[in-house]
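Read the structure below first, then the notes.
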Amino acid sequence: MVKKVLLQKAVSVKGERSTAIGWLPASLSVTFVGILQFANVPLHLSSAMLFVRQKSRITMHFIFISQFLSFLVILCISGEDFYHLLGISREADNKAIRRAFKKLALIKHPDKNPNDDNAQKEFVKIYRAYEVLMDEELRKKYDQYGEEGLSDNFRGNYQYQSWQFYKDNFGIYDEDKEIVTLSRSDFERTVSETDEIWFINFYSTFCSHCHQLAPTWRKFAQEMEDVLRIGAVNCAEDPMLCHSQGVMGYPSLVIYPHRHFFRGERQLKQIVAFAMEYVTGVVLQLTDSDIDLFKMKKNEKYTNGWLLDFCEQRSDDCLSELNRKKLAANLHGLVNVAKVNCDESLELCTLFGRKSGMIYFRPDDERKPSEAWTINSLDFKEIAATVLNYVPDLPYIDKMLEKIVEAEIRDHSFLIRFDSGKMDNNIDLKKLLAKVTTNEIEVYLADCSKAKDICENLKLTKLPKWVLFKKQGSYEIYHGFF
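Numbering (UniProt numbering), first residue to last: 1 to 482.
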């Protein structure tokens, strides 16, 4: 997954500049800070964008001081801070909260401390902190009012579970980087509101079949990483979310946005085959009639580079059909993936000097077809990593930057990443280019060491920062991380 997600949609008023109190707790800023939406950007992002419309520096300082003092008062009247209790930052996501709680639970559980009279009390305290911070609405109330804000509608729901339960059954996918554990808000923002392909495992902590499936789901996630998005929802924590998705039993494997349920045998091969039916990405079959594609520097239909798999009938150097399709999905928007049968397309194979093997070629490069980069692997992930290194970096915008920034009306929108110096070969940014670039928006990099005045006028104090310059003339600054 681009790392997790990059931007959240927001709207601005022309002529007003946006800034943020980014390090304050999210809900402390709610009174003054609106979570706005980027207009017409084809991305959905998981991090909150906190903006405040700044009329003057005096107003901004007043807001800052007021919020900070409110925050200190809350800490004083509400006892021990829940975030501090769990050892997490105030920006921690649900996975980080679960991992922190599990780590403490294995240390502080009464089963592990039978001679400590306060063990049960201490454990209930960290469980309460976990329960509040995992609930989006309760967390907002706690951030704004402290524990006093919870007294009217929250009594806690602590139920005893053994130490062994927390060791073996709790947060079963929290250590798997390929699997996104989804809360209700995560689900709505990154699954329901997007057209991305997701395959989600709806499970329950208390379901034995779910735990039996877990090793297979991990292997599936490792094999299919970067082909589609892979998620997990714990229905024991949010049964209403699972019910709203038509989940009546556990585990349920559901592909989105189609919302089709997997009904087959829960074996790796069958699960992979089901998922591949929904994967985007086309593998082209080239013949001698396509040879002109590689004799021209530019082609209106195929503007990207090529990953070509040359095959002979008796050759063992060909990729499997499955891996070709995985590559086409992984490199979609960046590279065209194609197969060439050298038994039938001798002229095309002669142009590249190949009868078997894989190459990466860019028609706009100075290299001749016979000098194309050779790919010495049949492993899907190794091939993808090698090809992404060859894909051109995001372009830097220098001469046109001032014109774009000052324009009242633009031909289209520009998404620009401002940094303090040159940055080469960032794979995640290359993938972003494929997801974002359309006829309506272009993506560039900008070097603040060469555009100090522009960066200062935009108040880009902490870098890197993404700025969306909209077609209508306004702009928005993203204050999250990427």
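Backbone N, C-alpha and C fix where the C-beta goes; we use that ideal spot for every residue, glycine too.
- About 7 Å separates the beta carbon of E223 from that of V272, a gap short enough to meet the 8 Å contact definition.
- For C311, there is no enclosing alpha helix (DSSP H); the enclosing beta strand (DSSP E) covers residues G305 to C311.
- If only uninterrupted alpha helix (DSSP H) runs of at least 4 residues are considered, those enclosed by the UniProt domain "Thioredoxin" (161-280) are 163-168, 184-187, 208-224, 239-244 and 268-276.
- Around the beta carbon of I441, 16 or more other beta carbons lie within 10 angstroms, which makes this residue buried.
- For S370, the three-state secondary structure derived from DSSP is helix.
- For F82, the enclosing alpha helix (DSSP H) starts and ends at F82 to L86.
- Sequence-distant Cβ neighbours of D288 in its own chain, meaning closer than 6 Å and more than five residues away, are S345, E347 and L348.
- With a minimum length of 4 residues, the unbroken runs of alpha helix (DSSP H) contained wholly in the segment 451-479 fall at 452-457.
- Taken atom to atom, the span from the alpha-carbon of K326 to that of D81 is near 46 Å.
- When C-alpha distances from Y83 are compared across K121, L106, H109 and E131, the shortest belongs to E131.
- Separation of the CB atoms of A105 and I88 is rounded to 14 Å, and the pair is thereby denied contact status at 8 Å.
- Fewer than three pairs of CB atoms, one per stretch, sit closer than 8 Å, so the segment 413-430 makes no contact with the segment 360-370.
- Three or more Cβ pairs closer than 8 Å define a contact, and the segment 197-211 meets that threshold against the segment 167-174.
- The alpha-carbon of S162 is positioned some 9 Å away from that of P110.
- When DSSP states are grouped into helix, strand and coil, M400 belongs to the coil group.
- I291 sits away from A275, with the two beta carbons spaced by 8 Å or more.
- Here the segment 379-386 does not lie against the segment 399-414, with fewer than 3 beta-carbon pairs under 8 Å apart.
- Within 10 angstroms of the beta-carbon of T181 lie 16 or more other beta-carbons, which makes it buried.
- Contact annotation, F220 with L293: C-beta distance approximately 36 Å; criterion of less than 8 Å not satisfied.
- Look at the beta carbons and you see the segment 462-471 touching the segment 404-414: at least three pairs across the two are nearer than 8 Å.
- Rounded to the nearest whole angstrom, the CA to CA distance from K140 to T194 is 25 Å.
- Under DSSP, E147 takes part in no beta bridge, so it has no partner.
- The residues L85, L86, F101, L104, A105 and K108, in chain order, have a CB closer than 8 Å to that of I126 in the same chain once the five nearest residues on each side in sequence are set aside.
- Shown here, L378 sits in coil according to DSSP, grouped into three states, outside any helix or strand.
- Counting the other CB atoms within 10 Å of its CB gives M296 a total below 16, which places it among the exposed residues.
- Taking 8 Å as the cut-off, the beta carbon of N330 is found closer than this to the beta carbon of D226.
- In this structure, DSSP gives Q159 a state outside helix and strand, which the three-state scheme calls coil.
- Secondary structure note for L286: its beta strand (DSSP E) is the uninterrupted segment V283 to L286.
- DSSP, read as helix, strand or coil, puts A119 in helix.
- Secondary structure at V132: helix, using DSSP grouped into helix, strand and coil.
- In this structure N323 does not touch L284 by the C-beta definition: roughly 15 Å separates them, more than the 8 Å allowed.
- Sequence-distant partners of L433 (beyond 5 residues in either direction) whose C-beta falls short of 7 Å from its own C-beta, in its chain, are L394 and V443.
- A straight line joining the alpha-carbon of N389 with that of W198 spans about 26 Å.
- In the displayed model, D290 falls within a helix according to three-state DSSP.
- Closest option to D343, judged by alpha-carbon separation, among C311, E265, A232 and Y160: C311.
- Per DSSP, N94 is not a residue of any beta strand (DSSP E); the alpha helix (DSSP H) it occupies stretches across N94 to K108.
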